[in-house]
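Note sheet for the following structure.
In the working numbering, the protein residues as written are -10 to 262.
Take a look at the structure:
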């Protein structure tokens, strides 16, 4: 199934003009419908003091959300995309966002600098990735539309990595070059098997993809940096990573890598759960 319905997530700040342009170009390139969801947090007093812009009255938050909706809706009328707004207290908003994401094929986030409320962006990102059942792509700053003819997958033989890989194939044409990246991998009867990466490579090859397995070593370096460095140096169009969560802390771990990929890598990153 190809991607035909895309949801882009923004907040009520003014930093997302370029990301909105990029989201429109992404949807056009893939011949998909675009919806833009404006997430407006109505904070509790503690949340307002800790994380949000200095609005002192509820009416200020409402006014900011309405102004943003009107601004984006005007662009949407011109460029043919839908605009919706979700406004609620933080906890309720974090529950609502994944539900909205389920009615799209793919969710887009911009880099961290495209959001006024960095804390809200991270929490929304984590909840959508972990709870929506839909893949999320983070577009980098200065992204230019092009096909995903070369995909790099951070493979650790988990359910999450399998799901992310499957999601990415919706965007891949037959014959796409796929680099399977295994970092610090060891043979195992429960995961990688006797030759890390070989089994998934055989599966992908049977679907007509051009597949190469690369064994990488972190040597004390952050695993996310190892994946990003490889993808950038080999000019991959998309980096794919599985996302899992610690059941007690609800802290997002990206298949053994860190939050660096959430904030934005120099290439598009797809996360699936």
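Where a beta carbon is used, it is the ideal one built from N, C-alpha and C, also for glycine.
Nearest-angstrom Cα distance between residue 97 and residue -4? 6 Å
Residues near residue 83 by beta carbon distance below 8 Å, same chain, minus five either side: 112, 113 and 116
Following the continuous beta strand (DSSP E) through residue 71, name the residue where it begins and the one where it ends. From DSSP, the beta strand (DSSP E) with residue 71 extends over 71 to 77.
Excluding the 5 residues preceding and the 5 following residue 20 in the sequence, name in chain order all residues of the same chain whose CB lies nearer than 8 Å to its CB. -7
Leaving out five residues on either side along the sequence, give the residues of the same chain with a beta carbon under 8 Å from the beta carbon of residue 27. -1, 0, 1, 54, 57, 58, 61, 72, 73, 74 and 75
Given 6 Å as the limit, tell me if residue 28 has its C-beta closer than that to any heavy atom belonging to the ligand ATP. Because no ligand of any kind appears in the structure shown, any question about the ligand ATP cannot be addressed here.
In whole angstroms, what is the alpha-carbon distance linking residue 78 and residue 69? Each residue's Cα considered, the two are about 30 Å apart.
Less than 8 Å between C-beta atoms, sequence neighbours within five positions excluded: which residues of the same chain meet that for residue 93? -6, -5, -4, 24 and 123
Using the C-alpha atoms, what's the distance from residue 63 back to residue 250? 32 Å
Terminal residues of the continuous beta strand (DSSP E) containing residue 201? For residue 201, the uninterrupted beta strand (DSSP E) run begins and ends at 199 to 205, by DSSP.
So who's on the other strand from residue 225, going by DSSP bridges? DSSP output for residue 225 lists no bridge partner at all.
Within the same chain, show all residues whose beta-carbon is closer than 6 Å to that of residue 18, passing over the 5 residues directly before and after it, in chain order. Spatial neighbours of residue 18 in its own chain (CB-CB distance under 6 Å, excluding positions within 5 residues in sequence) are listed in chain order as 134.
Opposing strand residues paired with residue 141 [DSSP bridges]: 168 and 228
Of all the alpha helix (DSSP H) runs that stay within the bounds of the region 84 to 154, which reach a length of 4 or more residues? 107 to 120
I want to know whether the region 135 to 151 touches the region 214 to 231 - three or more CB-CB distances under 8 Å. yes
Can you tell me the Cα-Cα spacing of residue 52 and residue 30, whole angstroms? 12 Å
Of the choices 102, 190 and 211, whose alpha-carbon is the least far from that of residue 167? 190
Would you mind stating whether residue 165 and residue 231 have Cβ atoms separated by less than 7 Å? no
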